[in-house]
Ligand code: XMP
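In UniProt numbering, the protein residues as written are 5 to 514.
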């Protein structure tokens, strides 16, 4: 185990993730965690993160200098490096020149344990206004830049290492190498941790925490809530109740697929409640065309349905949420203008009587959640499921939602997904789906005039879903999908492809 002490930087979880990529288990903890607690956890190494403060300001987060006497190797990053210098009587000052962005760093001690195999001139990501003006006694300067005389320093005898730059971000070209050098060469970790240990440890600690308490989970069938539910099921079995709301806006067969995995005939021990609220949603959405109003109705109705089920179950001790780390960041930002009001289970706590929220995946990134899912034996089609918005097909049907339109978009989307998979072009795509325009146009079929809907196909390449480019799908695939949709899906006589990126469009249509 390596622990990351969080001093408020933006990349804290990323550091932990990079360490886990070295097959070494890593967790983030608050900077003021007690030394006793740290001793109890018995980590092989500690990493201090960056942070927005200046060490010499009164209100800045500090830790006890006793930490340096525990004999545990420590790596300080950015603010963490300055903190190490400050607490050990070095000097930290405002730098005459701040450095932001990619910076060439010269490694002065090429045989340093953390720079093993790193080029003598290496590009690193800097982001600082303060710097270490004087290293503490016993430290050797191991790297610098033209304006930062101490870009890295170390005291080998005490196993203390510090870097002013951020090895955890990809812009630091050899950052991963440096972090792996720290955990292997300095901390002596063996690198035998795998996702199975995370799964095992999480199950054990959930079991211990929950005891004989009752737990409620809102299951959407998406990968995050599915993995969270299976972890809980393995930990506490029937003390867990999963409520799955079928709002009639799911992809084709999705409700049944979720039930097959989590229901009474599936492999997991839990109480599964499927609420068939399809008609209820269609009634509420009848005649509504405004996208934000539709989103609001779907979100509110979800809360209402869930509340009714929760009442039947009575008070529970814990509520499970499948929050993953990127959700934590996104909700933390919250400053940008509302483009779309996202729907997820964030609104639930008000309506359910419970003591505490459990978020077992809070520290994981999406690909790590998928690995955990495979480890838990969740079927691959669930684990690798396309991202699907909370309001479901409700925002992929432009204009009014009706049961008939849901059927059209479900069938068209199923054909599209099937053909994409068959052609093997799904691997590189960030997201792809069919949507239904509210445009009808004239066509001809078997000598008859038709006046039917146009389906639109969308496929985007994206890594962060904040920006996206329309994907160049092979023409053969598009024409095959088109011909199947117009032939097999009643009510459609035209298929369009969306060539727009995000921005200016968004990935979904509403
Ligand atoms: P947009 O359309 O905003 O979508 O470019 C970006 C990503 O977010 C997904 N999305 C949602 N996910 N609740 C969700 O959980 C929502 O309300 C929601 N709206 C959009 C969308 O599928 C894409 O992956």
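Glycine included, every Cβ here is placed at the ideal spot set by N, Cα and C.
Query raised in the report: Where residue 183 and residue 133 are concerned, what is the direct C-alpha to C-alpha distance, given to the nearest angstrom?
Result: C-alpha separation (whole angstroms): 23 Å.
In the DSSP assignment, find the unbroken beta strand (DSSP E) run with residue 34 in it and report its ends.
Unbroken beta strand (DSSP E) run through residue 34: 30-34.
Just mark residue 426 as buried or exposed, buried being the case when its beta carbon has 16 or more other beta carbons within 10 Å.
Taking every protein chain shown into account, the CB of residue 426 has fewer than 16 other CB atoms within 10 angstroms, so this residue is exposed.
Answer with buried or exposed for residue 339, where buried requires no fewer than 16 other C-beta atoms within 10 angstroms of its C-beta. Note that residue 339 scores 32 on pLDDT, short of 50, meaning its location in the model is unreliable; the coordinates nonetheless yield the value given after this. With fewer than 16 other Cβ atoms from the protein chains shown falling within 10 Å of its own Cβ, residue 339 counts as exposed.
Checklist entry - Does the Cβ of residue 393 lie closer than 7 Å to at least one heavy atom of ligand 1? => result Checking every heavy atom of ligand 1 against the Cβ of residue 393, one is found closer than 7 Å.
task: Indicate, with yes or no, if ligand 1 has a heavy atom lying under 7 Å from the CB of residue 316.
output: Outside the cutoff, so no.
> Can you tell me whether residue 479 is buried or exposed, with buried defined as 16 or more other CB within 10 angstroms of its CB?
Replying inline: Exposed is the call here.
Item to check | Cutoff 7 Å; reference residue 207; Cβ partners in own chain excluding five residues on either side | outcome: Excluding positions up to five away in sequence, the list reads 235, 238 and 239.
Candidates 17, 459, 139 and 244: which alpha carbon is nearest residue 31's? Among 17, 459, 139 and 244, the Cα nearest to that of residue 31 belongs to 17.
Euclidean distance between Cα positions of residue 22 and residue 300 = C-alpha separation (whole angstroms): 38 Å.
Where residue 486 falls: helix, strand or coil (DSSP): It is helical.
Closest residue to residue 116 among 147, 270, 84 and 179 (Cα-Cα distance):
Checked all of 147, 270, 84 and 179; the closest Cα to residue 116 is 147.
Margin query: Can you tell me whether residue 406 sits near ligand 1, meaning its C-beta is under 7 Å from at least one heavy atom of the ligand?
Written below: It does not: the Cβ of residue 406 is nowhere closer than 7 Å to a heavy atom of ligand 1.
request  = Would you list, in sequence order, the uninterrupted beta strand (DSSP E) runs of no fewer than 3 residues that lie entirely inside the segment 97-164?
outcome  = 125-138, 144-149 and 152-159, all fully within the segment 97-164.
**Asked** How is residue 443 classed by DSSP in three states: helix, strand or coil?
**Response** Residue 443: strand per DSSP, three-state reduction.
**Prompt:** Shortest alpha-carbon distance to residue 155 belongs to which of 187, 113 and 265?
**Reply:** That would be 113, whose Cα lies nearest to the Cα of residue 155.
Return yes when at least one heavy atom of ligand 1 lies under 7 Å from the C-beta of residue 248, else no. Within the chosen limit of 7 Å, ligand 1 does not reach the beta carbon of residue 248 with any heavy atom.
* Which value, in whole angstroms, describes the spacing of the CA atoms of residue 508 and residue 265? -> Our two residues, residue 508 and residue 265, have alpha carbons roughly 39 Å apart in a direct line.
Q.
From the DSSP secondary-structure annotation, give me the bridge partner or partners of residue 324.
A. Its beta-bridge partners are 221 and 362.
Item to check | residue 297 beta carbon less than 8 Å from that of residue 277 | outcome: Taking 8 Å as the cut-off, the beta carbon of residue 277 is found no closer than this to the beta carbon of residue 297.
Open item on the list: At the level of alpha carbons, what is the spacing between residue 429 and residue 273?
Closed with: The C-alpha of residue 429 lies about 36 Å from the C-alpha of residue 273.
query = Out of 38, 56 and 42, which has the shortest C-alpha to C-alpha gap to residue 14?
reply = Here the closest residue by C-alpha is 56.
Quick check: what's the CA-CA separation for residue 106 versus residue 151?
Their Cα atoms are separated by approximately 13 Å.
Under 6 Å Cβ to Cβ from residue 572, same chain only, skipping five residues before and after it: list those, please. Nothing can be reported for residue 572, as the shown portion of the chain is limited to 5 through 514.
Are the Cβ atoms of residue 406 and residue 286 separated by less than 8 Å?
For residue 406 and residue 286, yes; Cβs fall inside 8 Å.
message: Is the separation between the beta-carbon of residue 505 and that of residue 474 shorter than 8 Å?
response: At the C-beta level, residue 505 and residue 474 come within 8 Å of one another.
Look at the Cβ atom of residue 446, then the Cβ atom of residue 496, and state whether they are nearer than 8 Å. No; because the gap between Cβ atoms is not below 8 Å, this pair is not in contact.
So residue 53 packs on residue 129, CB below 8 Å; how close in whole Å?
Your pair residue 53 and residue 129 does not check out as a contact, with CB atoms roughly 14 Å apart and the cut at 8 Å.
### Query
Can you find a heavy atom of ligand 1 that lies under 7 Å from the Cβ of residue 435?
Checking the Cβ of residue 435 against ligand 1 gives yes.
(message) Can you tell me which residues form a DSSP beta bridge with residue 10?
(response) For residue 10, the pairing in a beta bridge is given by DSSP as 34.
Hey, would you say the C-beta of residue 511 is under 7 Å away from at least one heavy atom of ligand 1?
Yes; taking the cut-off as 7 Å, the Cβ of residue 511 has a heavy atom of ligand 1 nearer than that.
request  = Indicate the three-state DSSP secondary structure (helix, strand or coil) for residue 206 in the structure shown.
outcome  = When secondary structure is reduced to three states using DSSP, residue 206 falls in the helix class.
Mind checking which residues open and close the beta strand (DSSP E) that includes residue 50?
Its beta strand (DSSP E) spans residues 49-52.
Is the closest heavy atom of ligand 1 to the C-beta of residue 369 under 7 Å? No; taking the cut-off as 7 Å, the Cβ of residue 369 has no heavy atom of ligand 1 nearer than that.
Inset, instruction - Hey, could you find the ends of the alpha helix (DSSP H) residue 83 is sitting in? - result: Per DSSP, the continuous alpha helix (DSSP H) segment holding residue 83 begins and ends at 83-91.
| field | the segment 353-366 contacting the segment 188-197, beta-carbon criterion three pairs below 8 Å | value | Output reads no: the segment 188-197 does not touch the segment 353-366.
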